[in-house]
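Numbering (the numbering used here), first residue to last: 31 to 458. Here a beta-carbon is modelled for each residue, glycine too, at the ideal position from N, C-alpha and C.
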């Protein structure tokens with residue numbers, strides 16, 4: 031009931047943004063988890079080509095978030111969200127009918143770039159509204175951002191279930207259903223999303239180095255704009271590093287976790303249950319965890335605590351690896367890792383987004399949200415290759431999982447170094 035109260039306490043526009051995140055993920059996860067099988071099965075693509083297509087989709091989305099963020103700062107969130115929805119509808123329709131490799135790649139790029147437009151627009155606007163709602167009512171911004179995260183995870187949980195039902199027909203039907211979801215999102219934002227570019231409110235979002243960055247915002251526009259302001263924002267760059275270690279650790283759900291499940295049981299059959307466990311935990315526990323723990327800490331402390339919990343999950347698998355547990359008991363280390371990763375996510379993600387609002391000027395919020403995701407995506411790309419090399423070196427599970435634990439621990443170090451500055455230039 032407390033979680034429902036948190037949702038009802040939000041302004042209607044913020045509830046619309048949270049519902050948008052839910053709908054985005056329902057439409058996305060109803061289609062994309064089944065894309066690899068469609069490419070390799072119905073379209074008979076080779077394994078390397080399937081990997082290339084999936085990699086291009088990731089790059090066109092995560093790697094280009096900064097583009098969507100910059101456009102949001104320039105034109106406001108409404109036109110960027112609407113354009114992203116139109117592209118996603120077109121991409122899903124195209125993907126459903128694409129048969130040739132070039133056509134499939136073009137459709138996938140369209141699907142990915144659509145998210146690179148609307149995701150940073152929605153995330154930055156949610157962060158902006160969370161700050162303003164906190165100032166107006168005292169409702170903690172981290173709790174508002176936790177509602178947003180939980181909504182996304184609810185979509186990630188429901189989307190594959192919807193997709194599995196639609197695939198009883200065929201992949202094209204799933205694509206068409208995904209397009210219909212985004213038609214509904216497009217209509218909702220056309221009707222209710224405010225027009226125009228939001229104007230910054232005095233004191234609403236602290237700039238990088240706190241008030242000092244607000245005073246320099248005008249100068250930044252004259253000397254290189256958003257990119258230069260971001261590169262010179264040391265605390266924000268440290269936050270990007272810390273968040274990147276979280277995302278690389280989270281990405282092990284798709285790389286290290288399958289290796290552990292196969293080691294323990296001989297197949298990947300239990301993976302689906304572990305993924306469902308992760309999403310369901312966030313849906314049910316995100317807001318209670320934020321109220322009970324996250325709001326008792328500073329945003330920086332919550333970020334570091336979340337990363338430390340993630341590291342503990344990796345170390346648990348490493349510590350139990352020498353025992354060689356198998357079958358149902360052998361899944362215990364993997365389940366502990368998923369639980370720790372999920373709890374760490376519930377602490378770290380809302381805290382990281384809230385920290386962005388403290389470290390950058392409001393007029394840079396869209397670009398900065400996009401830069402946060404793009405930087406993390408680049409780290410994941412290189413880090414995933416390194417992780418694959420670790421497994422390929424046959425070092426043994428204990429050594430590999432111990433090495434992976436160092437990633438979020440590095441994030442803890444970076445997170446502890448994140449300091450905004452007051453008007454006198456002192457770290458706080």
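By the beta-carbon neighbour count (other beta carbons within 10 angstroms, threshold 16), residue 316 is buried.
Our two residues, residue 138 and residue 167, have alpha carbons roughly 43 Å apart in a direct line.
Here residue 303 is exposed: its Cβ has fewer than 16 other Cβ atoms, across all protein chains shown, within 10 Å.
When rounded, the separation of the alpha-carbon atoms in residue 186 and residue 306 is 9 Å. Below 8 Å, too few C-beta pairs join the stretch 396-414 and the stretch 342-356 to call them touching: fewer than three. Within the same chain, 140 come within 7 Å of residue 120 by CB-CB distance, once the 5 residues on both sides are set aside. One thing to note: residue 60 has its Cβ no nearer than 8 Å to the Cβ of residue 142.
Here DSSP, grouped into helix, strand and coil, assigns residue 225 to coil. Distance from the CA atom of residue 48 to the CA atom of residue 423, rounded to whole angstroms, is 43 Å.
For residue 329, the closest C-alpha among the options 440, 359 and 382 is that of 382. Between residue 91 and the set 406, 431 and 416, the nearest pair of CA atoms involves 406. Residue 277 is positioned such that its CB atom lies no closer than 8 Å to that of residue 161. If you draw a straight line from the Cα of residue 125 to the Cα of residue 134, it comes to about 6 Å.
In this chain, residue 40 is not harboured by any alpha helix (DSSP H), its DSSP state being neither H nor E. DSSP places residue 339 in the helix class (H, G or I) of the three-state scheme. Taking 8 Å as the upper bound for CB-CB distance, residue 341 and residue 438 are in contact here, some 4 Å apart. For residue 393, there is no enclosing alpha helix (DSSP H), as DSSP marks it with neither H nor E.
Distance from the CA of residue 214 to the CA of residue 264, rounded to the nearest whole angstrom, comes to 41 Å. The C-alpha of residue 205 lies about 32 Å from the C-alpha of residue 273.
In the three-state reduction of the DSSP assignment, residue 356 falls in the coil class, being assigned neither a helical nor a strand state.
Leaving aside the five residues that flank residue 83 on each side, the residues in its chain whose CB is nearer than 7 Å to its CB run, in chain order, 69, 134, 135 and 138. In the structure shown, the three-state DSSP call for residue 170 is coil. Take residue 311, set aside five residues on each side of it, and the residues of its chain with a beta-carbon closer than 6 Å to its own are 372, in chain order. For residue 393, the number of other beta carbons within 10 angstroms of its own is at least 16, and it is reported as buried. When DSSP states are grouped into helix, strand and coil, residue 103 belongs to the helix group.
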